[in-house]
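There are 2 protein chains.
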Amino acid sequence: MTAEAKPASPPLTERQEARRRRILHASAQLAGRGGFEAVQMREVAEAAGVALGTLYRYFPSKIHLLVATMQDQLQHMHGTLRKRPPAGDDAAARVADILMRAFRAMQREPHLADAMVRALTFADRSVSPEVDTVSRITTAIILDSMGLRHPTPEQLSAVRVIEHTWHSALITWLSGRASIAQVKTDIETVCRLIDVTTPPDAP
Amino acid sequence: MTAEAKPASPPLTERQEARRRRILHASAQLAGRGGFEAVQMREVAEAAGVALGTLYRYFPSKIHLLVATMQDQLQHMHGTLRKRPPAGDDAAARVADILMRAFRAMQREPHLADAMVRALTFADRSVSPEVDTVSRITTAIILDSMGLRHPTPEQLSAVRVIEHTWHSALITWLSGRASIAQVKTDIETVCRLIDVTTPPDAP
DNA sequence: CGCTAATCTAGAACAAGTTTCAGACCGGAT
DNA sequence: ATCCGGTCTGAAACTTGTTCTAGATTAGCG
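Protein chains in written order, with this note's numbering: chain A, 1 to 203; chain B, 1001 to 1203.
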């Protein structure tokens, strides 16, 4: 089980799977230049070689599309990050390391990051399931880097707060209201919560 | 100096000030039912008794309008909160108390909160100055509740992270992905950072 | 193969944010 | 009081997300 898991609605045919993939590719491509506003549904449809109506059948809104794009990219990143274990003595340092690595990946594609993160935080209730999936993947990445199999409720709270900070810090960076250094500080600051919530022992 | 301070662009005439106020009132009114999508520029203009073009002269986009609405509401809230001092022994408890009080205010007007917070996190670079103003007011509220006149850089970092958590937790609540209890936990968790960054002394 | 339901395409149509424009109006300088 | 530049109005136009429709294609099945 390689961390996939679709809601297993109707199983897609090969051609459909290919269409879906073309759409996601076009979405990421367009987002890569131009960011959120450059992802125009008509253009996505054309670039994916698909009719507008079909695009909407696969992704019921632009937000759905971009959140799905984020799922896709996150999955990639999870794989990439997993290859090299995070550096750092304690859990806090390792989480900070992973998040900074992820942040550097975002810096390489700021427009893409913009489109995905803006969509994520703008999503309303109709996109909750998909956003939740993104959240689960993010949680998995963080817990992974902590090397925890059975986190305590307290630690899970800390992880939730770390995710909040991560998203919000990204937003402030993307909108030019915080520097890269600022984001780094914020991440390191919030990671201290892990120490607070991870009491004694631990070599 | 009661925490006002406009960028002092051209000073507005009385009638203009009145228009601006009517617009903000209409915006809050419409947001109060229906949330973000219920704030339609044509309707705001009509409700404010102003031409569409004029609305756009005062607020260059729907996002600008809603962020300005948030500034307005926050200012109110700052005043209200200031009246009764926050309860709690240490700074962390007081901050958590203030934020929970603010959160309860949001619960009374969830649609309005939705419109304002969604606009805030969706805002792009063109709205940075206005969003920054909101951020400054929020910071002021938090520092106020801590009773700090000269916060250390470390404490400021903690406050930044608290603001990140505050916004992001609100978002997850508004989009139905987190319960009220969850938000409470998140706030209390992040407020622990204040203890961590406020070393010895302090009765 | 031939049928049927589901899916896909092309394109029009609609909704709401934003822009534009001609003319009416307002406030300050002469 | 008159004139001028900036402001406001009303209305149309434009853009992009979303919906709808009629007809072509496809997938699965007897």
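Don't be surprised by glycine CBs; every beta carbon is placed ideally from N, CA and C.
Subject >> Alpha-carbon spacing of V1190/B relative to Q16/A, whole angstroms >> reply: Approximately 44 Å, taken between the alpha carbons.
(Q) If you follow the alpha helix (DSSP H) that H164/A is in, where does it begin and where does it stop? (A) Note, H164/A: alpha helix (DSSP H), 153-174.
Requested in this report: Throw me the rounded Cβ distance for the R1192/B and L156/A pair, which I believe falls under 8 Å.
Outcome: That belief does not hold up - the Cβ atoms of R1192/B and L156/A are roughly 14 Å apart, past 8 Å.
Does L193/A have its Cβ less than 9 Å from a Cβ in chain B? Closer than 9 Å to the CB of L193/A there is at least one CB belonging to chain B.
Requested in this report: Go ahead and label R160/A buried or exposed: buried means 16 or more other beta carbons lie within 10 angstroms of its beta carbon, across all protein chains shown.
Outcome: Flag for R160/A reads buried.
| message | Looking at chain A, is there any beta carbon in it that lies within less than 9 Å of the beta carbon of V1127/B? | response | Yes, V1127/B counts as interfacial toward chain A.
task = Spell out whether any CB of chain B is found under 9 Å from the CB atom of G176/A.
result = Chain B contact via Cβ: present.
(Q) Does any residue of chain B have a CB that is nearer than 9 Å to the CB of S179/A? (A) For S179/A, the answer is no, since every Cβ of chain B falls outside 9 Å of its Cβ.
Exercise for the section: Using a Cβ cut-off of 7 Å, pull out every chain B residue sitting near R160/A, in sequence order please. Expected result: Here the neighbours are D1186.
### Message
Against chain A, with Cβ distances strictly below 9 Å, would R1019/B count as a contact?
### Response
Not flagged as an interface residue toward chain A: R1019/B, since no C-beta distance is shorter than 9 Å.
Problem set entry | Simplified DSSP state of V1039/B, which is helix, strand or coil | In the three-state reduction of the DSSP assignment, V1039/B falls in the coil class.
Note to self: I'd like to know whether the C-beta atoms of G49/A and H111/A end up nearer to each other than 9 Å.
What the structure shows: Cβ atoms of G49/A and H111/A: not closer than 9 Å.
- Query: Is it true that the CB of M1116/B sits closer than 9 Å to the CB of V1067/B?
  - Reply: Contact flag set, yes.
> Roughly how many whole angstroms lie between the Cα atoms of I218/A and A47/A?
Replying inline: No information on residue 218/A is available, as it lies outside the stretch 1 to 203 that chain A covers here.
If distances are taken between C-alpha atoms only, which option among M1077/B, R1020/B, R1149/B, G1034/B comes closest to M1106/B? Ranking M1077/B, R1020/B, R1149/B, G1034/B by CA distance to the CA of M1106/B puts M1077/B first.
Exercise. Verify whether the separation of the beta carbon atoms of L1170/B and I1142/B is less than 9 Å.
Key: For the 9 Å CB-CB criterion, L1170/B and I1142/B do not form a contact.
request  = Indicate whether R1101/B and P1086/B have their beta-carbon atoms separated by less than 9 Å.
outcome  = Yes, the pair counts as a contact, with Cβ atoms nearer than the cut-off.
At least one CB of chain A closer than 9 Å to the CB of D1089/B: is that the case?
Judged by the 9 Å Cβ criterion, D1089/B is not in contact with chain A.
(Q) Can you check whether the C-beta of S1061/B is within less than 9 Å of a C-beta belonging to chain A? (A) Output row for S1061/B: interface = no.
Practice prompt. Taking only the alpha-carbon atoms, compute the straight-line gap between Q40/A and L120/A and give it to the nearest angstrom.
Written response: Q40/A and L120/A: Cα-Cα distance of roughly 17 Å.
Do T1138/B and S168/A have their C-beta atoms closer together than 9 Å?
-> No, they are not a contact pair.
> Buried or exposed: where does G176/A fall if 16 or more other Cβ atoms within 10 Å of its Cβ makes it buried?
Replying inline: Flag for G176/A reads exposed.
**Study point:** Chain-order list of residues whose beta-carbon lies under 8 Å from that of K6/A (same chain, five-residue window excluded)
**Key:** With a pLDDT of only 44 at K6/A, under the threshold of 50, the placement of this residue in the model should not be trusted; the figure read from the coordinates follows. So the list is empty, once near-sequence residues are dropped.
*Residues of chain B with a CB under 7 Å from the CB of I171/A: which are they?*
Neighbours of I171/A on chain B, chain order: T1121.
For this session: Decide if I180/A is buried, meaning its Cβ has at least 16 other Cβ atoms within 10 Å, or exposed.
Result: Here I180/A is exposed: its Cβ has fewer than 16 other Cβ atoms, across all protein chains shown, within 10 Å.
**Prompt:** So, using beta-carbon positions, are R20/A and L30/A closer together than 9 Å?
**Reply:** Going by C-beta atoms, R20/A is not nearer than 9 Å to L30/A.
Does T1198/B get closer than 9 Å to chain A when you measure Cβ to Cβ? For T1198/B, no Cβ of chain A is located within less than 9 Å of the residue's own Cβ.
Quiz prompt | Test: H1064/B CB closer than 9 Å to a CB of chain A | solution = Not an interface residue.
- [ ] Using the Cα positions of T1080/B and V1095/B, report the straight-line distance between them to the nearest angstrom.
- [x] Cα-Cα distance, rounded: 15 Å.
**Test item: CB-CB of F122/A and R1125/B under 9 Å** = Cβ distance not < 9 Å, so F122/A and R1125/B don't count as in contact.
Judging by CA-CA distance, which residue of T198/A, K83/A, R108/A, E130/A is the nearest neighbour of H150/A? Shortest Cα-Cα distance from H150/A to any of T198/A, K83/A, R108/A, E130/A involves T198/A.
* Asked: Can you check whether the CB of A28/A is closer than 9 Å to the CB of T69/A?
  -> Taking a C-beta distance under 9 Å as the contact criterion, T69/A and A28/A qualify as a contact pair.
Using a Cβ-Cβ cut-off of 9 Å, state whether E1163/B counts as contacting chain A.
Cβ-Cβ to chain A under 9 Å: yes for E1163/B.
- prompt: With DSSP run on the structure shown, which of helix, strand or coil describes F1103/B?
  reply: F1103/B: helix per DSSP, three-state reduction.
Practice prompt. Classify L65/A as buried or exposed, calling it buried when 16 or more other Cβ atoms lie within 10 Å of its own Cβ.
Written response: With 16 or more Cβ atoms within 10 Å of its Cβ, L65/A is classed as buried.
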